[in-house]
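Note that the sequence shown ends on residue 359 in the UniProt record's numbering; no numbers are left out. Idealized CB from N, CA, C, for every residue including glycine. Quick caveat, the model's predicted, so the values are computed rather than measured. See structure below.
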Amino acid sequence: MTINTAKSLNLLFISSPVGPLGSGMGGGVELTVKNIAQEMLRRGHNLKVVAPQDSVLGTLPIIAIAGELQTSAQTQLNNDPIIMPGNAVLANMWDYARQVQADYDLIVNFAYDWLPFYLSSFFTCPIAHLISMGSLTDAMDQIIEQVANKFPKNIAFHSRVQAATFSFGNQHRCLGNGFDLSLYNFCNKPDNCLGWVGRIAPEKGLEDAVAVAEITGIPLKILGKIQDEEYWQQICQKYLNAPVKYLGFLPTKQLQKELGKCKAMLVTPRWVEAFGNVVIEALACGVPVIAYRRGGPSEIVADGKTGFLVEPDSVMGLIEAIKKIDEIDRDACHQEAEREYSIMAMGDRTEQWFWDILS
Ligand code: UDP
């Protein structure tokens, strides 16, 4: 069958059920949904985004769905069963999709949840799954593998290292990610401060960045949603003398302004980060990234060129890298973001993925 790639597609994007878009609870998925939706609309496709009630997505068309939010998958243990609340927003979003599926060429699932994978065989409209995390639980591994075997073209990952956490991952495509780089201003004259950006939750390893601030005395700006209040309080109590400033969860415009003034951004995940949106956002502002050699950031940061990769969980390794930070050309960081991670490049890769599924 030949496919007319000049045709406009009718696309239904289904967001994560862990929080409304714009709340920060969905982590990087929120910006990924926004960016891909914006780019697909710019390319002339028709599109709606199904998301939990109270979602905010600029001028993009949202179908808001009520219901109880889902617990984030990263809080689950390896052999935990699948749990869903009674009036689950996840189920309600997919019930909506079931009812309108005949109006669409393709449904795109952005949720790292069991139900959409399970439903793949029951829908007549094809479902593309953009997988936003690495392997976490047996139940999720099993259902993703089933879909990957039955619909191999319909699965995509963000990075190779993320894909490799699944036994079947290496056969599938990687999309990376892409950003509207016009929203990020290049800053060539940083202040003497470091940045840390992300959800404040144990898997993100904020405490190591705070330890760096305490040992070196270099101020650390922290930006992001406090997802785990207890974890945050533990850090505050443990590092009483660390020169840190918590700036809250900021919209992109303010985020890039604060981040741009940092002499480096620290990325200290304990888990295999699927990609690491904030790495590209930092590079776009010209900010070098010092990251643990683990997960997506280790694929993005060019060691010695756009930052440094250090031994995972080594606070001293981070400190050694900070001493060398002036060797990094901030212009090269900005150029790397432009070359590899523009929204257009991501749009090309994503559109190609959609056409391949439909061919
Ligand atoms: N973010 C934001 N404002 C903040 C801090 C973070 O909008 O103050 C966003 C950031 O733009 C990024 C996301 O939060 O898109 C974090 O995504 P990332 O992929 O780095 O990590 P995840 O949360 O998915 O593990």
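Residues near residue i in its chain [Cβ-Cβ closer than 8 angstroms; skip 5 each side]
i	result
ALA274	GLY28, ILE131, SER132, MET133, GLY134, PHE157, HIS158, SER159, GLN162, GLY295, GLY296
PHE123	ALA97, ARG98, GLN101, ILE107
GLY347	ILE36, GLU39, MET40, ARG42, ARG43, GLY178
ILE215	VAL315, ILE319
MET94	Sequence check: residue 94 is Trp here, not Met. Taken in chain order, the residues that qualify are ILE14, LEU115, PRO116, LEU119.
LYS150	SER120, SER121
Within 8 angstroms, strictly: CB atoms of residue i and residue j
i	j	result
ARG330	ASN170	no
ASP113	ALA73	yes
LEU21	ASN46	no
LEU60	VAL49	yes
VAL289	GLY307	yes
ALA209	THR137	no
ALA264	ILE322	yes
ASN92	GLY67	yes
Exposure of residue i, with buried meaning 16 or more beta-carbon neighbours within 10 Å
i	result
ASN109	buried
SER8	exposed
ASN185	exposed
GLN352	exposed
PRO251	exposed
ASN154	buried
GLY205	buried
LEU77	exposed
PRO17	buried
LEU240	exposed
GLY86	exposed
GLU207	buried
SER298	buried
LYS245	exposed
GLU327	exposed
LYS34	buried
SER167	exposed
Residues near residue i in its chain [Cβ-Cβ closer than 6 angstroms; skip 5 each side]
i	result
VAL147	PHE117, SER120
ILE82	TRP114, ALA139
PRO219	CYS193, PRO243
ASN79	ASP138
LEU90	PRO17, GLN70, ASP113, LEU115
GLU203	GLN74, ARG270, TRP271
ILE300	VAL279
Residues of its chain near residue i, where Cβ-Cβ distance is below 7 angstroms and the 5 sequence neighbours each way are ignored
i	result
GLU262	The question names Glu, but residue 262 in the sequence shown is Cys. PRO190, CYS193, LEU194, GLY195, LYS221, VAL287, listed in sequence order.
GLY19	MET25, GLY26, PRO52, LEU69
GLU311	ARG293, GLY317
ILE235	LEU206, GLU207, VAL210
ILE62	VAL49, ALA51, SER55
GLY217	PRO243
Cβ-Cβ separation, residue j to residue i (assumed contact under 8 angstroms), whole Å
i	j	result
VAL212	ILE319	6 angstroms
PRO126	LEU358	7 angstroms
LEU266	LEU247	Actually they do not touch by this definition, with Cβ atoms about 15 angstroms apart.
LEU183	LYS238	Contact doesn't hold; Cβ gap of about 35 angstroms is too wide.
LEU181	SER342	6 angstroms
Fill in: Cβ contact check for the region 226 to 245 and the region 258 to 268: 3 or more pairs under 8 angstroms
no
Worksheet item: Looking at C-beta atoms only, is the number of pairs between the region 262 to 273 and the region 334 to 352 that lie closer than 8 angstroms three or more?
Response: no
Fill in: Touching by the beta-carbon criterion (3+ pairs, under 8 angstroms), the region 275 to 284 and the region 196 to 208
yes
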